[in-house]
Each structure stands twice: as structure tokens, then as C-alpha cells.
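Written out below as C-alpha cells is the structure these notes cover.
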Amino acid sequence: MKSKSLLIVLLLILIILSFTACEHSTDFEEDGIKYREFDGATSVLGFVDEENSTKDLVIKGKTNQFPQYYVWAIGFYAFENSDVETVTIEYYKAPYNVFHTDSSEMLCTFEKILDKAFKNCKQLREITFPKEMTTICVESFWGCESLKEVTFPWGLQKIEQSAFAQCSNLSVVHFDENFNFLGANAFVNCAQQMTLYMKCPPPTVDGEAFSCGTQITVVVPQQLFEVYSNHEYWGKFNIVVE
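For reference, each letter of the sequence shown is one residue, going -21 to -1, 1 to 221 in mature numbering (1 follows the signal peptide of the UniProt record, and there is no 0).
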């Protein structure tokens, strides 16, 4: 009997918590884009009307409406299979205490592009990232076959598994100085010849990031030439000084 009563109490607690979570979530629309605000963090859900959507997508760092919301991420599957051709994610610094009330420092609120956000966007040819975003998640740009060149921002640290897999024409990639982790198959089945511009020390690689047989040239500053050349993973590629 006690076990049954305890189970009922636990179920009631879960139900209450579920309703409480829902109360903190707000969906809204602006400029043809759907958003979700949850406990101070706002993510992009996708287009309001897929058939009449823009091909030149601009994600603002904050919304125009009142109260203003600060965009933290592009959500799971947000623009998957869309016909978008260019993407610009605007940089905006929000007050640090939007998320952390114990500090008055500043924080760039946009942090991540979540799983499969732009998967199979076959017309996508250009991406502009905000300078302090940190992570590109699993299969975010899988199958974006019109991409030829990508420049990652200063703040990017991590590219997860298969993020740019099957981008068959992607041949030039620029990594900035804070980058440190490359997931398995991150650039598998991209162009047969790739040039990587690396401002960072050799990133950790989870398994194999590129297709077997891809001819890869890694362009590095003079001071990083030796460490790349002698690296267990990166040293197998053609290392040249910029």
C-alpha cells in the first residue's frame, strides 16, 4: 500500500513539473520565422510558411517585439530540406544576467546550431556565422551540396559528428584560433580535394573526420608547422605554411 501511494505521489509530481515547464515556454512568430522562448533562452524553430519562405535567411540576435528575446540557438530540424540559399546569423551581445542573474558581465547569446538544422538544404551556398558561437551539432549541414567554402568564426570550438557530411562540393574550410574538436565523419564525402586553413593548434579528432582517399592540404601559420607535421593524425596530410 505504501509503495502504491508513493508511486501516485511521484506521478503527481511529474505531472506538475510537466505543466510548470509548459508555462515557461512561449512560441511566437516574427518576420516569417517561428521561435520558442524557454526560461530566458530562445531558439529558432523554422519558417512560418515553408512554401513562401525567403531564400536569403537572416537570423537576428534579438527579436524586435516587446519583450525582446535573445536568440540562443537554431533548433533541431529547423530548416531541414528547405530551399534557403544564404544564411546570415547576426551577432548580438545580450546582458549576461539574461541567463545568469549573479553577474553583470556580457555574453554572446547565440551559441549553437542544433542537430540537422540545415540538413539537405541543397541550394545553400553561403553561411555567415556570429563571431562568438561555440558549437555546430550533429548533421547540422549534412547534404548541403552547393556549399563550396565555409569560414568558421573566432568563437567556434566544436564541430560534432557528420556536421558537414555529404557536402560534395565543399573544398575550402577556414578554422579560427579557438577551434579544438572535430567529430567523427564531420567532413566525410566532401570534395575529393580539400584545403583547410588552420589558425588553431591541432584539434582533437574523434575517429576519422574525412573520407579515405580525400586529398587534404592543411595551411598553417609558420609557428604551427612543426606541431602539425609531427602530429599523429594531422601529420598524414600535406602541411604547408601560409
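Note that beta-carbon positions come from the ideal geometry of N, C-alpha and C, so glycine has one too.
Note that the structure is predicted; figures quoted are calculated from it, not measured.
What is the DSSP secondary structure of residue i, reduced to helix, strand or coil?
i    : result
W133 : coil
W121 : coil
G25  : strand
Y71  : coil
L149 : coil
Y207 : helix
N217 : strand
Q171 : coil
E90  : coil
Q202 : helix
E111 : coil
E156 : coil
E59  : coil
E30  : helix
K45  : Residue 45 is actually Phe in this sequence, not Lys. Coil, per DSSP.
Distance check for residue j and residue i, CA to CA, integer angstroms please.
i    : j    : result
A163 : K98  : 17 angstroms
V129 : Y71  : 21 angstroms
W51  : P109 : 11 angstroms
Q194 : G19  : 45 angstroms
C1   : A165 : Note that C1 scores a pLDDT of 47, beneath 50, so its modelled location is shaky; the value from the coordinates is reported in the next line. If you take the alpha carbons of C1 and A165, they lie about 35 angstroms apart.
E90  : K101 : 24 angstroms
G186 : V27  : 39 angstroms
T114 : K127 : 20 angstroms
L24  : K95  : 12 angstroms
Rounded C-beta distance between residue i and residue j? I'm assuming under 8 angstroms.
i    : j    : result
L175 : V198 : 7 angstroms
Q44  : E69  : With a Cβ gap of about 16 angstroms, Q44 and E69 do not count as contacting.
E16  : Y56  : Contact flag wrong, Cβ pair sits at about 18 angstroms.
With which residues is residue i paired in a DSSP beta bridge?
i    : result
E128 : V151
E16  : T5 and T21
D35  : T65
Q194 : Q172
Is there at least one Cβ from chain C nearer than 8 angstroms to residue i's Cβ?
i   : result
K34 : Included in the structure is just one protein chain, with no chain C present.
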